[in-house]
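First the structure, in the form of structure tokens, and then the observations on it.
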């Protein structure tokens, strides 16, 4: 069964080791085969890997695109070990990522790594606001 991908004008897509850039019009592609596929919104450039969770995502992205876990494995485990030491509450998500990698489901591991980035963002938000966030109108009036 082919994967249907709809691209916005000028949107990029990685298929295997090729970058495909759409023209000025919306396009629908049907892709068959086993090559890794990443839409532009899911692609992280090395300079964007600016936090521990984003570096984990980038490492998993490299595993997925190269279809080679061994190539990045040592760096990946250093990253996740440091991350879990700094924030033990991330262990459950890291375990989910690890399980997907071990079963060869690298695209699913990449999606779980996105959850890790979101969770990191929440933790940083809680740390900077003291865990309370900005009060809403209803909270201010109570």
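Residue numbers (my numbering): 835 to 976. Note that beta-carbon positions come from the ideal geometry of N, C-alpha and C, so glycine has one too. Bear in mind that the values here come from a model prediction, so they are computed numbers and not experimental data.
heavy atom of the ligand SAM below 6 Å from residue i C-beta
i: residue 873; result: Absence of the ligand SAM is noted for the structure shown, with no ligands found whatsoever.
Where residue i falls, given that 16 or more other Cβ within 10 Å makes a residue buried
i: residue 864; result: exposed
i: residue 934; result: buried
i: residue 835; result: exposed
i: residue 911; result: exposed
i: residue 920; result: exposed
i: residue 838; result: exposed
i: residue 944; result: buried
i: residue 917; result: buried
Per-residue DSSP class, three states only, for residue i
i: residue 861; result: strand
i: residue 958; result: helix
i: residue 923; result: helix
i: residue 878; result: coil
i: residue 929; result: helix
i: residue 835; result: coil
Contact set for residue i: own chain, Cβ-Cβ below 6 Å, skip 5 residues either direction
i: residue 855; result: 846
i: residue 949; result: 927
i: residue 775; result: Since the first residue of the chain shown is 835 and the last is 976, residue 775 is not available in this structure.
i: residue 896; result: 906
i: residue 887; result: 950, 951, 954
i: residue 851; result: none
One or two residues paired with residue i in a DSSP bridge
i: residue 855; result: 846
i: residue 871; result: 849
i: residue 840; result: 862
Neighbourhood of residue i by C-beta, 7 Å cutoff - its chain only, sequence neighbours within 5 removed
i: residue 942; result: 934
i: residue 874; result: 845, 846, 847
i: residue 859; result: 843
Short CB-CB distance (under 7 Å) between residue i and chain D
i: residue 879; result: Structure shown: chain D not included; a single protein chain is present.
Supposed contact pair residue j and residue i - C-beta distance, whole angstroms, cut 8 Å
i: residue 872; j: residue 889; result: That belief does not hold up - the Cβ atoms of residue 872 and residue 889 are roughly 17 Å apart, past 8 Å.
i: residue 870; j: residue 898; result: 5 Å
Close-in-space but distant-in-sequence residues of the same chain around residue i (CB under 8 Å, 5 per side omitted)
i: residue 878; result: 888, 891, 892, 895
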